[in-house]
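Asks:
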Amino acid sequence: MQNDDAEMALAQERLLAEIAADAASTAFLTGRPRFSQRVYAAMRAVPRHAFVDDWERPLAYLNRPLGIGFGQTISQPYIVALMSDLLDLQPAHRVLEIGTGCGYQAAVLSALCARVYSLEVVPALASSAAARLRALGYANIIVRCGDGFLGWPEEAPFDAVIVTAAPTALPPALAAQLAVGGRIVIPIGPPGGTQVLYRGEKRADGSVHLEGNLPVAFVPMVAGAGG
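By numbering that gives the first Met the number 0, the letter at position 47 of the sequence shown is numbered 46, and the numbering carries on one by one without gaps.
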């Protein structure tokens, strides 16, 4: 077991070095030549192998997405780090995540902010992610099954919103639930077509100004019952 843990730790350090190299090489698109040390510390603190099936554990620290069932994926670690960095989170912030999946992104965010509210449209994924996060001791994450297009209005406004599936346009409810001055990071584009990762800030007039250049490939964002 100790050898296994040591191998996982080495694989994780190699992954973090790859993420740093990717950040530098994509800076002309993202404007972020390096990510904050808080983000790297969060990525190091979260055991990615605990969020994948046993048979995929040897692949856990490769810089690539992995399937988690139900047509969903655990995102590429570089993308997780980038999206987390683009939110510019502070310890007191409250974050809305759309698309819990296996809970990995939420776990990373939990090290960067006070509380994460995470919505997952697939009931089986929501329940398994909630159980996994509880078992791993992530006490500042609340997971529920719901329609991401509707957000979580009773807990709004949020200091940041992160969306881990791609709608074809910014959902109005998510824009409305973002606090003034807050940030949203979201991929937008058609399923199977060109998608772009955007970062937006909520202005005093209620509008959200989006900027993005990085081409990405996310699973499509789907509505739940009533969405």
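For every residue, glycine included, the Cβ atom is placed at its ideal position computed from N, Cα and C.
(1) Can you name the start and end residues of the alpha helix (DSSP H) that T29 belongs to?
(2) So, is F89 buried or exposed, given that buried needs 16 or more other C-beta atoms within 10 angstroms?
(3) Can you tell me the Cα-Cα spacing of A138 and L86, whole angstroms?
(4) Using the C-alpha atoms, what's the distance from V121 back to V221?
(5) Use the C-beta contact count for T193: other C-beta atoms within 10 angstroms, 16 or more gives buried, fewer gives exposed.
(6) Expressed to the nearest angstrom, what Euclidean distance is found between the alpha-carbon atoms of A91 and R31?
(7) Determine the burial state of V215: buried for a count of at least 16 other Cβ atoms within 10 Å of its Cβ, exposed for fewer.
(8) For Y197, list the residues DSSP reports as bridge partners.
(9) Quick one, which of S109, S117, C112, T29 has its alpha-carbon nearest L81's?
(10) Give the secondary structure of S117 by DSSP, where H, G and I count as helix, E and B as strand, and everything else as coil.
(11) Using the three-state DSSP reduction, which class does F50 fall into: helix, strand or coil?
(12) Taking the Cβ atom as the reference point for each residue, do I187 and A168 lie within a distance shorter than 8 Å?
(13) DSSP on V218, reduced to helix/strand/coil?
(14) Quick one: which unbroken beta strand (DSSP E) runs of 3-plus residues sit fully inside the segment 136–166? Chain order, please.
Replies: In short:
(1) What you label residue 29 is simply residue 30 of the sequence shown in a count that begins at 1. That run of the alpha helix (DSSP H) goes 26–29.
(2) By one-based count along the sequence shown, residue 89 stands at place 90. Per the sequence shown, the amino acid found at residue 89 is Gln instead of Phe. Per the 10 Å Cβ criterion, exposed.
(3) Here residue 138 refers to the residue found at position 139 when the sequence shown is read from its first residue. Here residue 86 refers to the residue found at position 87 when the sequence shown is read from its first residue. Approximately 21 Å, taken between the alpha carbons.
(4) Residue mapping note: residue 221 aligns to position 222 of the sequence shown, counting from 1. Residue mapping note: residue 121 aligns to position 122 of the sequence shown, counting from 1. V221 and V121: Cα-Cα distance of roughly 10 Å.
(5) Along the sequence shown, one-based indexing puts residue 193 at 194. So T193 counts as exposed.
(6) Sequence index remark: in the sequence shown, residue 91 carries index 92 (1-based). Sequence index remark: in the sequence shown, residue 31 carries index 32 (1-based). Rounded to the nearest angstrom, the two C-alpha atoms are 23 Å apart.
(7) As a first step, residue 215 must be located in the sequence shown, where it is residue number 216. When all chains shown are included, V215 counts as buried.
(8) Translated into the one-based positions of the sequence shown, residue 197 becomes position 198. DSSP lists I185, G211 as partners of Y197.
(9) Here residue 81 refers to the residue found at position 82 of the sequence shown. Closest by alpha carbon: T29.
(10) Counted from its first residue, the sequence shown places residue 117 at position 118. Looking at S117 - three-state DSSP - the assignment turns out to be strand.
(11) Taking the sequence shown and counting its residues from 1, the one referred to as residue 50 is at position 51. Note: F50 maps to helix in three-state DSSP.
(12) For the purposes of this step, residue 187 is taken as the residue at position 188 of the sequence shown. For the purposes of this step, residue 168 is taken as the residue at position 169 of the sequence shown. Against a cut-off of 8 Å, the Cβ pair of A168 and I187 comes out as a contact.
(13) Walking along the sequence shown from the start, residue 218 turns up at place 219. Reduced to three states, the DSSP call for V218 is coil.
(14) 140–144, 157–162
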